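Below is one structure; the comments refer to it alone.
Below, the structure is given as structure tokens:
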């Protein structure tokens with residue numbers, strides 16, 4: 023019985039860990055970051071609703087993904103470049 027419980031526990035832990043890593047693509051992270059962290063409050067509220075960040079587990083997954091990206095300087099710089107591209111594209115759509 024104890025073995026079954028341990029196997030189940032490991033399965034749950036490893037499944038949970040792998041889900042967090044794949045919660046958001048880098049493109050989606052860039053869109054969320056640009057909308058939530060760098061835009062107006064109205065844009066932030068819309069992004070929170072659109073991506074479900076009012077749910078604590080999704081919000082935690084978002085911040086975990088950002089922390090993981092920020093530990094590698096090259097990945098972080100590439101990510102910030104994507105954020106800048108998204109911001110530029112968004113502002114050109116809003117200002118015809």
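Residue numbers (this note's numbering): 23 to 118. Note that beta-carbon positions come from the ideal geometry of N, C-alpha and C, so glycine has one too. Since the structure is predicted, the reported quantities are computational estimates derived from the model, not experimental observations.
In this structure, does DSSP put residue 46 in helix, strand or coil?
In the structure shown, residue 46 sits in coil (DSSP, three-state: anything other than H, G, I, E or B).
Does the distance between the C-beta of residue 57 and the nearest non-hydrogen atom of the ligand HEM fall short of 8 Å?
Only the bare structure without any ligand can be found here, which leaves the ligand HEM out of the picture.
If you measure between the beta carbons of residue 61 and residue 52, is that distance less than 9 Å?
no
Between which two residues does the alpha helix (DSSP H) harbouring residue 89 extend?
78 to 92
Between the Cα of residue 105 and those of 57, 45 and 23, spot the shortest distance and give me the residue it belongs to.
57
Beta carbon of residue 45, beta carbon of residue 100: below 9 Å?
no
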